Amino acid sequence: MIKSFILPIKELIKGLYTVFKNGFKKRVTLEYPEKKKLLNNNFRGKINYIKENCIKCGICQNVCPLISCIKIDTDFSIDLSQCIFCGNCVENCPKNALYFTKEYELAVNNKEKLILKEDN
Amino acid sequence: MSIFYLIYIEFMIRINAPHWLIFALWHLISFIFIAILLVITVIILVLFERKYLAFYTRRKGPNRVGTYGCLQTIADAIKLLFKENIEPKNIDKMIYYTAPLLVFSPIMTVWFLIPFTSGIIPFDSSCSLLLFMAILSIPILATLFAGFSSGNKYSLIGGLRACTQAISSEIPLFLCLISISILSGSMNLDSIVKMQNDSIFQWYIFPNILGFIIFFISALIVMNRTPFDLPEAESELTAGYHSEYSGMKFAMFFLGEYALTFILSAFIATLFLGGYNSPMGFYISDLLNLPIIFQEFLKNIEQFIWLMLKTGILILIIMWIRASYPRLTTEKTLIFSWYILTPLAIFNIFIMAIYKLLRSIL
Ligand code: SF4
Ligand code: SF4
């Protein structure tokens, strides 16, 4: 009888103590625009293109699961608004002309800006 | 009569003010005092609760508006003020608009009854204890009104839950007040405080520790604070009885909730923890050699600080509980207050009566 009274009280106090201990641990909040999360090395952000390395072989265009994402007619261009960041083009490029950066804040107010052209 | 009142009367008679003006103005002054105090405490309390809960849950809390987020509540209040007045379709207009006022005004009235210092008792009555509980039962009616008139099933369930819960918790609350009345032999809050003034061992928490615990838990139920916040359980009922209110009307409910939390904590401090009395048994201002008016003034400030400290500690505990425990179910709350709190409270009255008898004999 007495035990059934004391046990819950003990547990309640234990709960309070557990929460209290939390107060002195490291904060988990990251204040986003000022501080950013550390990213993995294999993070797939915006794709960069090195014009000098490219031999215009067209492999990247063939392995890309999307039809009109990569275009190689006279100029090389990637449409990042369609790209799903699967990484096929980067892995299959024979000259390492494509690579992923860690840039992920890609929001723009004009879709045209997401098309990566040869000259930039 | 407090020294402030005497100074005020003296001043008003000197400038030949008419009689009715003297009394009306005194009440107006106490009204302004209470209103300013209420707004300031609520603004501080809302911000403090957010920061304090963030402390326990390993977050940072608001820190964008002002230094360390100190202006966050003011920004929120301005946002609420300028919101559009949205009126749901199936409401009962008259009751719908009365409910926020009916929640807020009794809680504000109750603030007048607390003896903040020995000089500042906005409304001194011989049965302020009874008055306190009588007025405090009005907001519950308002929560029922709000739930009933919103034309929303969640609001209705929330309102009904608030009502059942409040009825079941107010009985142990009243029974604890009886035990305090037995101990002090009075129903005047100021004389209850004055009885506890000699030292820390005169506080009523020491003979009446069981009463204190019961009162504290019942007060949590009345305040709708977290282990018992069923009326506004956001996971089941969106926001319970005030889910159809927005803008300033919602702010009234919000303000009322925090004002109630503060005033009930102050009430517990007054009844059980010696109210405005210093726990050391003497006041620092008494030790200084000052003219009597300054001394009295300093003493009042000191008493106010003591009361606020005690209230603050109680609020800290209440918010700590909010950070720790999950919500109970409806029937568990009711069973808890009817089967455990009420019999214990009645038992407590017997103990207190015997204690009082023994003390008068020995
Ligand atoms: S696979 Fe590489 S080298 Fe070939 S076209 Fe694409 S980017 Fe140029
Ligand atoms: S990452 Fe995938 S989707 Fe994007 S361009 Fe390369 S192959 Fe196409």
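Protein chains in written order, with numbering that gives the first Met the number 0: chain A, 0 to 119; chain B, 0 to 361. Glycine included, C-beta positions come from ideal geometry on N, C-alpha and C. Everything numeric in this text was worked out from a predicted model, so none of it was measured.
Under the DSSP assignment, Ile71 (chain A) falls outside any alpha helix (DSSP H), being part of the beta strand (DSSP E) whose first and last residues are Ile69 to Ile71. Interface criterion not met: the Cβ of Phe99 (chain A) is under 9 angstroms from no Cβ in chain B.
Any Cβ of chain B closer than 9 angstroms to the Cβ of Leu6 (chain A) would place that residue at the interface, and such an atom is absent. Our two residues, Ile156 (chain B) and Pro230 (chain B), have alpha carbons roughly 8 angstroms apart in a direct line. Secondary structure at Ser180 (chain B): helix, using DSSP grouped into helix, strand and coil.
Residue list for ligand 2: A:Ile46, A:Cys59, A:Val62, A:Cys63, A:Pro64, A:Leu65, A:Cys68, A:Ile69, A:Ile77, A:Cys82, A:Ile83, A:Phe84, A:Cys85, A:Gly86, A:Asn87, A:Cys88 and A:Val89 (CB closer than 7 angstroms to any heavy atom, chain order).
From the beta-carbon of Lys24 (chain A), the residues of chain B found nearer than 7 angstroms are Arg57. Ser149 (chain B) sits buried, since 16 or more C-beta atoms from the chains shown fall within 10 Å of its C-beta. For Leu97 (chain A), there is no enclosing alpha helix (DSSP H); the residue is part of the beta strand (DSSP E) that begins and ends at Leu97 to Phe99.
About 18 angstroms separates the beta carbons of Ile139 (chain B) and Cys175 (chain B), which is beyond the 8 angstroms limit, so they are not a contact pair. The beta carbon of Pro226 (chain B) sits closer than 6 angstroms to the beta carbons of Tyr324 and Leu327 from its chain, once the five residues preceding and following it are set aside; these are given in chain order. With a cut-off of 8 angstroms, the C-beta of Pro93 (chain A) is classified as near ligand 1, since at least one heavy atom of the ligand falls inside that distance. Take the alpha-carbon of Asp74 (chain A) and the one of Tyr244 (chain B): they are about 59 angstroms apart.
Per the Cβ contact rule, the segment 255-269 of chain B is in contact with the segment 26-45 of chain B (3 or more Cβ pairs under 8 angstroms). CA-to-CA, the gap between Ile204 (chain B) and Ser183 (chain B) works out to about 12 angstroms. Residue contact with chain A for Ser125 (chain B): absent (no Cβ-Cβ distance below 9 angstroms to any residue of chain A). The C-alpha of Asn151 (chain B) is placed about 16 angstroms away from the C-alpha of Ser234 (chain B).
Residue environment for Lys13 (chain A): exposed (fewer than 16 other C-beta atoms within 10 angstroms of its C-beta). A Cβ-Cβ contact shorter than 9 angstroms links Leu306 (chain B) with Gly274 (chain B). When DSSP states are grouped into helix, strand and coil, Tyr257 (chain B) belongs to the helix group. Take the alpha-carbon of Arg13 (chain B) and the one of Phe252 (chain B): they are about 44 angstroms apart. At least one CB of chain B lies nearer than 9 angstroms to the CB of Val27 (chain A).
Only residues of its own chain outside the window of five on either side were considered, and among them Tyr354 have a CB closer than 6 angstroms to the CB of Pro206 (chain B), listed in chain order. Against Ala322 (chain B), the close residues of chain A are Val18, in the order they occur along the chain (beta-carbon pairs closer than 7 angstroms).
With a threshold of 9 angstroms between beta carbons, Glu30 (chain A) makes contact with chain B. Here Asn299 (chain B) is buried. Its C-beta has 16 or more other C-beta atoms within 10 Å. Membership of Asn21 (chain A) in the alpha helix (DSSP H) is indicated by the continuous run Ile1 to Asn21.
When rounded, the separation of the alpha-carbon atoms in Ile8 (chain A) and Leu129 (chain B) is 32 angstroms. Tyr31 (chain A) has its alpha-carbon roughly 27 angstroms from the corresponding atom of Leu115 (chain A).
Asn347 (chain B) has a beta carbon lying at 9 angstroms or more from every beta carbon in chain A. CA-CA distance, Ile49 (chain A) to Ile58 (chain A), rounds to 15 angstroms. By the Cβ test, the segment 267-283 of chain B is in contact with the segment 190-204 of chain B, since at least three Cβ pairs between them sit closer than 8 angstroms.
Per DSSP, reduced to three states, the secondary structure at Asp189 (chain B) is helical. Selection B:Ile113, B:Ala141, B:Ala250 and B:Leu289 evaluated against Lys78 (chain B) yields B:Ala250 as nearest (Cα-Cα). Ranked by Cα distance from Asn347 (chain B), the first of B:Ile177, B:Thr56, B:Ser217 and B:Met318 is B:Ile177.
Shown here, Asn196 (chain B) sits in coil according to DSSP, grouped into three states, outside any helix or strand.
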